[in-house]
Amino acid sequence: MTNKTSSRFTDLSPLGEGGMASVYRAHDSSFNGLVALKRLHSSLAHDEVEKKRLLREARVCQKLRH
10 MTNKTSSRFT
20 DLSPLGEGGM
30 ASVYRAHDSS
40 FNGLVALKRL
50 HSSLAHDEVE
60 KKRLLREARV
70 CQKLRH
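Here the working numbering is used: the first residue of the sequence shown is 10, the next is one more, and so on.
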């Protein structure tokens, strides 16, 4: 178990890893529920193109409804 906290998220366990980011099962304290949290790899943290790509993906995901 990771249990790494940053602002409102507490990482609970890793779900997967890809070329640009890692995905964790996390608890969102403001939402008070479980979420998937995607974090850019530290090697890409200063890459503006990758940051924009991640933000664009997040905006698309916000529109999903199950």
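All residues carry an ideal CB built from backbone N, CA and C; glycine is no exception.
So A54 is in the beta strand (DSSP E); what residue range does that whole segment cover? Looking at the DSSP string, A54 is not in any beta strand (DSSP E), and its letter there is neither H nor E.
Would you kindly work out how many angstroms separate the C-alpha atoms of F40 and R17, rounded to a whole number? 9 Å
Let's see if you can read the secondary structure: which residues bound the beta strand (DSSP E) around F40? No beta strand (DSSP E) contains F40, which DSSP labels as neither H nor E.
Does the beta-carbon distance from A35 to L21 come in below 8 Å? Against a cut-off of 8 Å, the Cβ pair of L21 and A35 comes out as a contact.
Between E26 and chain B, is any beta-carbon pair separated by less than 8 Å? Considering every chain present, this structure includes no chain B. It has just one protein chain.
For P23 and K47, I'd like the C-alpha separation in whole angstroms. 10 Å
Quick check on DSSP: helix, strand or coil for R112? In the structure as shown, the chain begins at 10 and stops at 75. Residue 112 is therefore absent and cannot be evaluated.
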